[in-house]
Amino acid sequence: NKIYVLTSLEQCDSRIVNYCKRRKINFFRGNLNDVFSRYVEFTKIKKLDAVIRISADSPLIDFNLVNSMYELFLQNSEYDVVTNIFPRTFPVGQSVEILKSSTLEFMNKKILDLDDKEHVTSYIYKNPELFKILNYKNTKNENSLRLSIDNEQDFKTFINFVKVNKNFLDYNLSKIIETGRCKKKN
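Going by this note's numbering, 70 is the number at position 69 of the sequence shown; the sequence numbering is gapless.
Structural data, given as structure tokens:
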């Protein structure tokens, strides 16, 4: 029912927290180098049954996709995770993962490497036999397209897109692709 920005306790992320405070956006702060533990702490403190994970490098996320996956999650309670990246058929930057808190707790008892602690769900994809995973597939494979912001050029492309498409928040994935915002992965 609520959207939260999960960020670190580091001073450098105080700008994010101040932005959230000014705009009355919920936030939660945790360990900079262990994003996984940040999620575990967040779900415990907020007493959540599940969490929808969308990365901050995906500002053009299609909320129709999020809503469809949430409905799928509600209808398939036997799954530990509902994802659209195992295998990926949506563009990079359209990744949605819905995880049960019990799944996070299970993983928390495992020995996670640095990559697993940074990327939250990588342990699941490295060990699929331990989890019930439901993958939501796109009607056509668009995994070669990129909509994420991973470097300065991506950011410049995004800013230009926003300048040209003032109502971009109303766009769905098809409209974003149609405008030419997507580029092929390298």
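Think of the CB as a built atom: it goes at the ideal place given N, C-alpha and C, for glycine as much as any other residue.
The Cβ atoms of F159 and L61 lie closer than 9 angstroms to each other.
In the structure shown, T140 falls within a coil segment according to DSSP collapsed to helix, strand and coil. For E143 and F91, the gap between their C-alpha atoms comes out near 5 angstroms.
DSSP places I55 outside both helix and strand once states are collapsed to three, so it counts as coil.
By the criterion of at least three beta-carbon pairs nearer than 8 angstroms, the stretch 81 to 99 is not in contact with the stretch 161 to 169.
Residues of the same chain with a CB within less than 6 angstroms of the CB of V67, apart from the 5 flanking positions on each side, are V97 in chain order.
Following the DSSP letters along the chain, one finds V93 in no alpha helix (DSSP H), marked with neither H nor E. In this structure, the straight-line span from the alpha carbon of R16 to that of Y172 is close to 28 angstroms. Nearest to I125 by alpha-carbon distance, out of N27, K138, M108, is M108.
By a beta-carbon distance limit of 8 angstroms, I134 does not contact D50. Their separation comes to about 18 angstroms. Note on geometry: alpha-carbon atoms of K101 and K118 lie some 17 angstroms from one another.
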